[in-house]
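A.B. asks: The listed protein sequences correspond, in order, to chains P and F.
Numbering of the first sequence is given in the numbering used here, commencing with residue -2 and proceeding in unit increments.
Numbering of the second sequence is given in the numbering used here, commencing with residue 2 and proceeding in unit increments.
Note that CB positions come from ideal geometry on N, CA and C, so glycine has one too.
If you're wondering where the values come from, they're calculated on a predicted model, not measured in any experiment.
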Amino acid sequence: MADKTGNLSKTKRNRQIWAYIFILPQAIVFLVLSLYPIIMSYVYSFYSWDGASPLTNFIGFENYVELFQTTRFWGALVTTIIYMVGTTALGVGASLILAIILNANNMKGKAFYRTIYFIPVVATTAIIGVIMKNIFGIDGSVNQFLQTIGIADKPVSWLNSSTLAMLMLILVGTWKNLGINMIYWLSGLQSVPTDLYESAQLDGAGFWQTLFHITLPLLKPILVVILLLSVVSGMNAFDLVKTFTNGNPYHTTETLDLYVFNYAFGGGLTGSTTRMGYASAAGVMLGMFTLLISGIFGLISMYTQRKLKKEAN
Amino acid sequence: MIITSKIVKYIIHFILILIGFIWIFPFIWMVLGSFKSNTDFIVSGNPIPEEFNWDNYTRAWVDANFSGYFVNTVIMTVATVAIVVLLCALTGYALGRVDFPGKKVILGIVVGIMFIPKGYTIIPLYELVDQLGLTNSLFGIILAESSGAHTLFVLLFTSYFATLPKEMEEAAIMDGCGFVRTFFSVMLPLAKPIIATTVIMQFIWTWSSFLVPTVLTISKPELRTLAVGMQNFVGQHSTDWAGMAAGATISLLPVLIVFILMQRYFIEGVAGAVKQ
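Okay, here's the thing in structure tokens:
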């Protein structure tokens, strides 16, 4: 008997060792290519460093002090927040309406519509930015169309006024990601048991009653997931911003990650030298900000889940 | 839910088709534009070209080096997809089928990685690849690309492997398979749906990737990928818009084809991952 349990625990230990070996490659990739860079971005942020010379000029918190005194940095933070809130509010709401329509049992052509609305999601964002830049350019298709049908008598400068440019960025960002939010919502809608709908119908509940009393309350848990994913993707808007507006006009559409990029790699835009240390400090702030936002969301989602459980009991 | 009124249904279809047209208009515009001459492109508001010519494609493919970028993108994408699938399947198998100390911590880290913005790590990543002497090869880009957040895939593999019956594994052990052989010859082939999902999603992400290839090819333009190569059409004084439209079409076509062929797996995969 003792021998048998000994053997069992031996195979068990054997399995555990193999489990660690299986995780090892992913762990190495994580340590070397994610954790080490994160730590190093903190280290770099304490140096005055151009990226080429040796890392010797330790300046403590000076980069951060300069960062906090720079209006352009605060502008980038505000732009990031506006973009994130704008795309989330527009995208999450509109995609819910679309998903509800495309989940209706007797709608024809659902697969066709889903495919059409999903295409921008898979298309390369950097290329979309370039295309949109042309479509909404001064001589672009949109302006030519508006002038031809007589709505506008002179071309609208979509991308040269800061308010309009920001609005365009949010609209295009929403357009790009609506399909993925739609799929998230659909997965939530499909997990609503059909007999709930059937009994509601027997009780004589109409479309709106069913929507507000059955569908929407059951979607609460998935709402948290969708909001979180939308917020995280809103924080990382580099591809679109770089290719569509490139932060113009006058840095008013510059997001935090574009700010980091411009100071770290875009020497031509910020002066003759790159400022890796300073850019790292901005990168650290971007990381902390993302962490803060997702932390708040984590707490909210934990709170709602606990409340839902209580209600279920 | 059921929409009962016929008129409402027609109105909804009308609106869906109208929005659908707006949704794909930029792509139609791009493909049509790629056949225009540059003057026609800039002057004419009509999206349909006066005459169809293929000059833009030759210019993009040969002069703007999209042939080279195409090869780079294929190599980078295939290698990254292979690495990511292997890493995630291994991790998912260990997490899904074995109880070991520290499992919860590792799961926590996997989820946490999702929230690390690329802007956070791009500078040290660039330095690291530079120090390793890899800025002059595609290998550096492949490494950096494989490092991203694979939360979705790891969780998909984990939950899939966790649901497979124990008997399958026991039968394999009875046949004399060790842990590794059980994984590769019995369990992994069963995970085909998850592998398919991972391959398609990672393919699309890597193919479209922009920040990492932009940064890592700053000093080596010939290593650029298609997404980054679009810059070639922007000249000092003027932009070759028609060439750019052709380049964009060349870059987008493979992703769109992969998506349309595999869209069932892709959409189901995304949906399945959310339900977890």
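Quick one: what does DSSP say V153 (chain P) is sitting in, helix, strand or coil?
C.D. replies: As a first step, residue 153 (chain P) must be located in the first sequence, where it is residue number 156. Note: V153 (chain P) maps to coil in three-state DSSP.
A.B. asks: Under the criterion of a Cβ to heavy atom distance below 7 Å, does G137 (chain P) qualify as lining the ligand NAD?
C.D. replies: Looking at this structure, you won't find the ligand NAD or any other ligand, since it has none at all.
A.B. asks: Taking the alpha helix (DSSP H) that S38 (chain P) falls in, what are its first and last residues?
C.D. replies: Within the first sequence, the letter at position 41 stands for residue 38 (chain P). 33 to 41 is the span of the alpha helix (DSSP H), which, as asked, contains S38 (chain P).
A.B. asks: If you measure beta-carbon to beta-carbon, which residues of the region 224 to 235 of chain P are closer than 8 Å to chain F?
C.D. replies: V229, M232, N233, F235
A.B. asks: What residues of chain P sit near L91 (chain F), judged by a beta carbon separation below 8 Å?
C.D. replies: Working through the second sequence from its first residue, we reach residue 91 (chain F) at position 90. What L91 (chain F) touches in chain P: F19, I20, P22, Q23.
A.B. asks: Do F260 (chain F) and T78 (chain F) count as a contact pair if the criterion is CB distance below 8 Å?
C.D. replies: One-based indexing of the second sequence puts residue 78 (chain F) at position 77. One-based indexing of the second sequence puts residue 260 (chain F) at position 259. Result no, Cβ atoms of T78 (chain F) and F260 (chain F) do not sit closer than 8 Å.
A.B. asks: Within 10 angstroms of its Cβ, does L30 (chain P) collect 16 or more other Cβ (buried), or is it exposed?
C.D. replies: Within the first sequence, residue 30 (chain P) is the residue found at index 33, counting from 1. Flag for L30 (chain P) reads buried.
A.B. asks: Say whether chain P places a C-beta atom closer than 8 Å to the C-beta of L76 (chain F).
C.D. replies: Numbered from 1 along the second sequence, position 75 holds the residue referred to as residue 76 (chain F). Here residue 76 (chain F) is Ile; the residue named in the question, Leu, does not match the sequence. Taking Cβ atoms only, chain P never reaches closer than 8 Å to I76 (chain F), which makes this a no.
A.B. asks: For M299 (chain P), is the classification buried or exposed, using 16 other Cβ atoms within 10 angstroms of its Cβ as the cut-off for buried?
C.D. replies: For the purposes of this step, residue 299 (chain P) is taken as the residue at position 302 of the first sequence. Exposed: under 16 other Cβ atoms inside 10 Å.
A.B. asks: Is the region 5 to 25 of chain F in contact with the region 105 to 115 of chain P, if contact means three or more CB pairs nearer than 8 Å?
C.D. replies: yes
A.B. asks: Pull up the CB-CB distance for T226 (chain F) and N73 (chain F), whole angstroms please, since I reckon it's below 8 Å.
C.D. replies: Counting from 1 along the second sequence, the entry for residue 226 (chain F) is found at position 225. Counting from 1 along the second sequence, the entry for residue 73 (chain F) is found at position 72. T226 (chain F) to N73 (chain F), Cβ: 5 Å. Contact.
A.B. asks: Between F115 (chain P) and chain F, is any beta-carbon pair separated by less than 8 Å?
C.D. replies: Reading the first sequence from its first residue, position 118 is the one you call residue 115 (chain P). Closer than 8 Å to some Cβ of chain F, the Cβ of F115 (chain P) qualifies, so yes.
A.B. asks: From the DSSP output, in three-state form, read off Y44 (chain P) for me.
C.D. replies: Indexing the first sequence from 1 puts residue 44 (chain P) at position 47. Note: Y44 (chain P) maps to strand in three-state DSSP.
A.B. asks: With C-beta atoms as the reference, is G170 (chain P) less than 8 Å away from T84 (chain P)?
C.D. replies: By 1-based counting over the first sequence, the position of residue 170 (chain P) is 173. By 1-based counting over the first sequence, the position of residue 84 (chain P) is 87. Yes, the pair counts as a contact, with Cβ atoms nearer than the cut-off.
A.B. asks: Closest Cβ-Cβ distance between T267 (chain P) and chain F: below 8 Å?
C.D. replies: Numbered from its first residue, the first sequence carries residue 267 (chain P) at position 270. In this predicted model, T267 (chain P) has a pLDDT of only 44, less than 50, meaning its place in the structure is not dependable enough to derive any value.
A.B. asks: Three-state secondary structure (DSSP) at F392 (chain P)?
C.D. replies: The shown model of chain P, from -2 to 310, leaves out residue 392 (chain P), and the question about it has no answer.
A.B. asks: Within the 8 Å Cβ cut-off, does A272 (chain F) reach chain P?
C.D. replies: To locate residue 272 (chain F), count along the second sequence from 1; it is residue 271. Chain P, which has a Cβ nearer than 8 Å to the Cβ of A272 (chain F), makes this yes.
A.B. asks: Give me the Cβ distance between Q23 (chain P) and L91 (chain F), rounded to the nearest whole Å; I'm assuming they're in contact under 8 Å.
C.D. replies: Taking the first sequence and counting its residues from 1, the one referred to as residue 23 (chain P) is at position 26. Taking the second sequence and counting its residues from 1, the one referred to as residue 91 (chain F) is at position 90. Going by Cβ atoms, the distance from Q23 (chain P) to L91 (chain F) rounds to 7 Å, so yes, they are a contact pair.
A.B. asks: Give the interface partners of W353 (chain P) over in chain F, defined as CB-CB distance under 9 Å, in chain order.
C.D. replies: A query on residue 353 (chain P) cannot be resolved here, the shown segment of chain P reaching from -2 to 310 and no further.
A.B. asks: When you compare the region 269 to 281 of chain P with the region 106 to 113 of chain F, are there three or more beta-carbon pairs, one atom per stretch, that lie closer than 8 Å?
C.D. replies: no
A.B. asks: So if I threshold CB-CB distances at 8 Å, which residues from the region 247 to 262 of chain P count as touching chain F?
C.D. replies: Against chain F - using a Cβ distance shorter than 8 Å - the residues of the region 247 to 262 of chain P are L253, D254, V257, F258, A261, F262.
A.B. asks: Rounding to the nearest angstrom, what Cα-Cα distance links P118 (chain F) and M232 (chain P) in this structure?
C.D. replies: Working through the second sequence from its first residue, we reach residue 118 (chain F) at position 117. Working through the first sequence from its first residue, we reach residue 232 (chain P) at position 235. Cα to Cα, the separation comes out at about 8 Å.
A.B. asks: Counting only beta-carbon atoms, is T160 (chain P) nearer than 8 Å to chain F?
C.D. replies: Locating residue 160 (chain P) in the first sequence gives position 163, counting from the first residue. Not closer than 8 Å to any Cβ of chain F, the Cβ of T160 (chain P) fails to qualify, so no.
A.B. asks: Between the Cα of L212 (chain F) and those of F:V187, F:G149, F:I258, F:P255, spot the shortest distance and give me the residue it belongs to.
C.D. replies: Counting from one through the second sequence, the residue named residue 212 (chain F) turns up at place 211. Of the listed residues, the one whose Cα sits closest to L212 (chain F) is F:G149.
A.B. asks: Less than 8 Å between CB atoms is the rule here; does F211 (chain F) satisfy it with respect to chain P?
C.D. replies: Counting from one through the second sequence, the residue named residue 211 (chain F) turns up at place 210. True, the Cβ-Cβ gap to chain P drops below 8 Å.
A.B. asks: Output the distance between the C-alpha atoms of Y256 (chain P) and F235 (chain P), rounded to the nearest integer angstrom.
C.D. replies: Counting from 1 along the first sequence, the entry for residue 256 (chain P) is found at position 259. Counting from 1 along the first sequence, the entry for residue 235 (chain P) is found at position 238. Cα to Cα, the separation comes out at about 9 Å.
A.B. asks: Here's the rule I'm using: 16 or more other beta-carbon atoms within 10 Å means buried, otherwise exposed. How should V235 (chain F) be labelled?
C.D. replies: Taking the second sequence and counting its residues from 1, the one referred to as residue 235 (chain F) is at position 234. It counts as exposed.
A.B. asks: Which whole-angstrom value is the C-beta distance of V228 (chain P) and I290 (chain P), which I expect to be below 8 Å?
C.D. replies: As a first step, residue 228 (chain P) must be located in the first sequence, where it is residue number 231. As a first step, residue 290 (chain P) must be located in the first sequence, where it is residue number 293. The Cβ separation is near 6 Å, so the contact holds.
A.B. asks: What does a CB cutoff of less than 7 Å around T207 (chain F) pick up in its chain, not counting 5 residues either side in sequence?
C.D. replies: For the purposes of this step, residue 207 (chain F) is taken as residue 206 along the second sequence, with counting starting at 1. Correct list, in chain order: M77, T78, T81, V82, E146.
A.B. asks: Please classify P68 (chain P) as buried or exposed, where buried requires at least 16 neighbouring CB atoms within 10 angstroms.
C.D. replies: On the first sequence, position 71 is the one that residue 68 (chain P) refers to. As written in the sequence, residue 68 (chain P) is Thr, which differs from the Pro given in the question. Per the 10 Å Cβ criterion, exposed.
A.B. asks: Please report the Cβ distance between I180 (chain P) and L87 (chain P), rounded to the nearest whole angstrom; I am assuming they are in contact, meaning their Cβ atoms lie under 8 Å.
C.D. replies: Within the first sequence, residue 180 (chain P) is the residue found at index 183, counting from 1. Within the first sequence, residue 87 (chain P) is the residue found at index 90, counting from 1. About 17 Å; that fails the 8 Å criterion.
A.B. asks: For A73 (chain P), would you say it is in contact with chain F, using Cβ-to-Cβ distances shorter than 8 Å as the test?
C.D. replies: The residue given as residue 73 (chain P) occupies position 76 in the first sequence. Not one chain F Cβ lies under 8 Å of A73 (chain P).
A.B. asks: Would a check of beta-carbon distances place T171 (chain P) closer than 8 Å to chain F?
C.D. replies: The residue labelled residue 171 (chain P) in the question sits at position 174 within the first sequence. No, its Cβ sits nowhere closer than 8 Å to a Cβ of chain F.
A.B. asks: Since C89 (chain F) is in the alpha helix (DSSP H), which residue starts that stretch and which ends it?
C.D. replies: Here residue 89 (chain F) refers to the residue found at position 88 when the second sequence is read from its first residue. First-last of the alpha helix (DSSP H) with C89 (chain F): 67 to 98.
A.B. asks: If contact means a Cβ-Cβ distance below 9 Å, which residues of the region 217 to 231 of chain F contact chain P?
C.D. replies: I219, L227, A228, V229, M231
A.B. asks: Does chain P have any CB closer than 8 Å to the CB of A249 (chain F)?
C.D. replies: Residue 249 (chain F) sits at position 248 when you count from the first residue of the second sequence. So yes, A249 (chain F) belongs to the interface.
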